[in-house]
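A.B. asks: One structure is given below, represented as structure tokens, and several questions about it will come after.
Numbering (our numbering), first residue to last: 685 to 950.
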């Protein structure tokens, strides 16, 4: 199939989706009832389902979840059109204009020979567009804390506020670790200053996220992969104990460790 024929087919598919959305909004009791607010939590759920599919490298599921998210985008645009605020056309036009504006090295005479320069230009243009008084003003308040820390650091880097060498970042990690140990490793029975220790632990996490970012590791993805690994091993432990006629809650830690080590080998 030629590129022209493929584009025509894609446009026909998109037109079909818009037609179905119109029909559902008019005829389906559930779809007719939805609002921008009622769809919000569903959109968040669909986004996490797409994230799961990507981590599992399940291309068929990725295709399915992308469809679900596209449905939500079309749904929001349909409601926007009913409110005479925006429609799918103005949403797409606005996006196209933003992409052109933020890629002056493609659509203008700006020179950007590497990825870092492109990112710095993007942040500077974004800052001027929104009229933010702070580089960090564009970081969504509702982002999960780990992802928010990464975005804060990325935006600061976009204007040149960052470490120069990897060893400097690791030295900061070690410094924060020592400060946390001083707050946490109290004498047996001595009460911990939980507020202060929490603050030091937050500083330690922030520095670790910074180091991960500096060596091009996505800390959120890294932690989620570890979560999935732990779940897989723990479920092996549960199933192995059940096959042996044991209840996991009645087993000693040493007995559970036997199955845990088996799971690690698998």
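We put the CB at the ideal spot given by N, CA and C, even for glycine.
No experiment lies behind these values; they were computed from the predicted model shown.
Which residue comes first and which comes last in the alpha helix (DSSP H) that contains residue 940?
C.D. replies: First-last of the alpha helix (DSSP H) with residue 940: 937-949.
A.B. asks: Using 10 angstroms around the beta-carbon of residue 689, count the other beta-carbons present and answer buried if the total reaches 16, otherwise exposed.
C.D. replies: Exposed, since its Cβ has fewer than 16 Cβ neighbours within 10 Å.
A.B. asks: Would you please state the rounded distance, in angstroms, between the beta carbons of residue 909 and residue 944? I believe it to be under 8 Å.
C.D. replies: About 18 Å separates the two Cβ atoms, so there is no contact after all.
A.B. asks: Can residue 715 and residue 730 be called in contact, C-beta distance under 8 Å?
C.D. replies: It is not a contact, given that the beta carbons lie outside the stated cut-off.
A.B. asks: Which stretch, first to last residue, makes up the alpha helix (DSSP H) that contains residue 770?
C.D. replies: Per DSSP, residue 770 belongs to no alpha helix (DSSP H) and is neither H nor E.
A.B. asks: I'd like to know whether the C-beta atoms of residue 947 and residue 920 end up nearer to each other than 8 Å.
C.D. replies: Going by C-beta atoms, residue 947 is nearer than 8 Å to residue 920.
A.B. asks: Taking the alpha helix (DSSP H) that residue 857 belongs to, which residues open and close that run?
C.D. replies: Looking at the DSSP string, the run of the alpha helix (DSSP H) that includes residue 857 is 850-868.
A.B. asks: Give the straight-line distance between the Cα atoms of residue 824 and residue 835, rounded to the nearest whole angstrom.
C.D. replies: Answer to the nearest angstrom: the Cα atoms are 9 Å apart.
A.B. asks: Can you check whether the CB of residue 810 is closer than 8 Å to the CB of residue 786?
C.D. replies: In this structure, residue 810 lies closer than 8 Å to residue 786 by Cβ.
A.B. asks: Quick check on residue 728: does DSSP put it in helix, strand or coil?
C.D. replies: Helix.
A.B. asks: Can you find the residues in the same chain that come closer than 8 Å, C-beta to C-beta, to residue 829, ignoring five residues on each side of it along the sequence?
C.D. replies: Cβ within range, chain order: n/a, list empty.
A.B. asks: Which one of 755, 754, 733, 756 has the shortest CA to CA distance from residue 745?
C.D. replies: Answer by Cα proximity: 733.
A.B. asks: Residue 736 to residue 750, Cα distance in whole Å?
C.D. replies: So the alpha carbons of these two residues sit roughly 12 Å apart.
A.B. asks: Among the residues of its own chain, which have a CB less than 8 Å from the CB of residue 818, if the five just before and after it don't count?
C.D. replies: So no residue of the chain qualifies.
A.B. asks: For a test of the three-state rule: what should DSSP assign to residue 802, helix, strand or coil?
C.D. replies: Correct three-state label for residue 802: helix.
A.B. asks: Taking its Cβ as the centre, do 16 or more other Cβ atoms sit within 10 Å of residue 888, making it buried, or is it exposed?
C.D. replies: With 16 or more Cβ atoms within 10 Å of its Cβ, residue 888 is classed as buried.
A.B. asks: Answer yes or no: do residue 761 and residue 775 have a C-beta to C-beta separation smaller than 8 Å?
C.D. replies: Cβ distance < 8 Å, so residue 761 and residue 775 count as in contact.
A.B. asks: Going by the beta-carbon positions, is the gap between residue 864 and residue 885 smaller than 8 Å?
C.D. replies: Yes, these two residues count as a Cβ contact at 8 Å.
A.B. asks: Might you give, ordered along the chain, the residues of its own chain that have their beta carbon closer than 6 Å to the beta carbon of residue 924, omitting 5 neighbours on each side?
C.D. replies: Once the five neighbours on either side are set aside, the close Cβ partners of residue 924 are 943.
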